[in-house]
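Chains E and W, in that order, are what the protein sequence lines are. The first sequence: position 91 = 91 (my numbering), numbered continuously. The second sequence: position 90 = 205 (my numbering), numbered continuously. Structure, as structure tokens:
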Amino acid sequence: AQSVTQPDIHITVSEGASLELRCNYSYGATPYLFWYVQSPGQGLQLLLKYFSGDTLVQGIKGFEAEFKRSQSSFNLRKPSVHWSDAAEYFCAVGVSNFGNEKLTFGTGTRLTIIP
Amino acid sequence: NAGVMQNPRHLVRRRGQEARLRCSPMKGHSHVYWYRQLPEEGLKFMVYLQKENIIDESGMPKERFSAEFPKEGPSILRIQQVVRGDSAAYFCASSPPRSGGQETQYFGPGTRLLVL
């Protein structure tokens, strides 16, 4: 069965600083990978996804993520964070088996932005 | 194009009562998924439905929980005889028909259930 690990529970960065959120997955074949963001009391918004092809994926709000098969990682990056980026970030993995469509989520990383 | 809609957004029930959560998928989407988020945790898959069919219910508790997605109308997640441990945020997601590979799931705003 697939699994996702987000090793950082909470990260604090200064506004304008760069950001990297870590995500490691476990799955025997090529996974489908997603990053979602959740603001307090809100639903999940898709930031970006990787299905195949170019391993560097661009998303919304200036985020990008890189799929590294050798490291089983899909880390999320942003060169310069804004105060509005404060939220909870979830990495998720999907599988390619028809009929097994569920997403498996990591436990999330809470991002705090300081002035 | 309206997104995934869920109602109610907040629901308060006393122990032993029933909770009914509704989800209307995005237009053109025929696949619905329910996830549960306990406080300070990530989302956990519960059930995956297509119109009139339950495809995967491997994440559903064996008792008191049921889900349906009728031919007409929203998907319903039903929790009978609620207990305090059912307090959580319940999220619905929808996706279009599968055309090869994983389809992106789009999430609704969630229903926050509080059991007193």
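Just so it is clear, CB atoms sit at the ideal spot from N, CA and C, and this is done for glycine as well. Note that the structure is a prediction, hence the values are computed from the model and not measured.
Query, Result
"For Y36 of chain E and A92 of chain E, I'd like the C-alpha separation in whole angstroms.", "8 angstroms"
"Could you compute how far the alpha carbon of S210 of chain W sits from the alpha carbon of L56 of chain E?", "24 angstroms"
"Using a 10 Å radius around the Cβ and a threshold of 16 neighbouring Cβ atoms, would you call Q152 of chain W buried or exposed?", "buried"
"Between G143 of chain W and chain E, is the shortest Cβ-Cβ distance under 8 angstroms, so that the two count as touching?", "no"
"Please look up how many angstroms separate the CB atoms of S26 of chain E and S3 of chain E, rounded, as I've assumed it's under 8 angstroms.", "5 angstroms"
"If distances are taken between C-alpha atoms only, which option among E:G43, E:S14 and E:L46 comes closest to S80 of chain E?", "E:S14"
"What does DSSP give as the partner residue(s) for Y27 of chain E in the beta ladder?", "Bridge partners of Y27 of chain E: none, in fact."
"Roughly how many angstroms lie between the CA atoms of Y205 of chain W and S190 of chain W, to the nearest whole one?", "13 angstroms"
"For G28 of chain E, would you say it is in contact with chain W, using Cβ-to-Cβ distances shorter than 8 angstroms as the test?", "no"
"For a contact meaning CB atoms closer than 7 angstroms, what does P224 of chain W contact in chain E?", "Q42 and G43"
"May I ask which residues mark the beginning and end of the beta strand (DSSP E) holding V198 of chain W?", "Where V198 of chain W is concerned, there is no enclosing beta strand (DSSP E), given that its DSSP letter is neither H nor E."
"With a cut-off of 8 angstroms, do at least 3 Cβ pairs link the stretch 84-91 of chain E to the stretch 36-45 of chain E?", "yes"
"Starting from the N-terminal side, write out each stretch of the beta strand (DSSP E) that is 3 residues or longer and does not extend beyond the stretch 122-148 of chain W.", "125-128 and 134-139"
"Report the CB separation of L164 of chain W from T226 of chain W in whole angstroms; it is logged as a contact under 8 angstroms.", "Their Cβ separation, rounded to whole angstroms, is 16 angstroms, which puts L164 of chain W and T226 of chain W out of contact at 8 angstroms."
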